Amino acid sequence: MTYVMLFTALFSFSFQGICIKYYNMQYFKGPNSHHAFNLITSLMMALFYLAFNGFQLHFSWGTVGFAIPFGLGLMTGFLFYLKAAAIGPLALTAVLYAYSLLFPIAYGILFLHEQVKVTHVVGLALMLFT
């Protein structure tokens, strides 16, 4: 089941990257276009999560404390990814975006003492090779 979820996420992120490039090529009309795109994307995500949970949210202050910096980082990263996709080739922006995974992987190994398996090393090698 874990692999099904991971491959679904992989497909979704790949589809997202293609949509971003297509949007930038066809509909980008200036800096405010990115803000409108992000607003609509965020509203879609909010509606999905509300509906998925039966329009009931249960959270703690710890959730809020972690969600705010996560949201700020996600918002900033996505905005600059949109801008990079608007001016650069999709092949380059997608690869550099994928390299952002190296930091959480290194953090997990170095500070959380997560176990490194052979499949992890192979995956990292393939990612660096591409």
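For the sequence shown, the working numbering assigns the number 8 to the initial residue and increments by one for each residue that follows.
Using N, Cα and C, we set each Cβ at its ideal position, and we do this for glycine too.
As the structure is a prediction and not an experimental result, all values here were calculated from the model.
Exposure of residue 10 is indicated by the presence of fewer than 16 other C-beta atoms within 10 angstroms of its C-beta. Taking each of 21, 44, 58 in turn and checking the Cα distance to residue 89, the smallest one comes out for 44.
Here the region 32-43 does not lie against the region 115-130, with fewer than 3 beta-carbon pairs under 8 Å apart.
Here the region 48-63 does not lie against the region 124-134, with fewer than 3 beta-carbon pairs under 8 Å apart.
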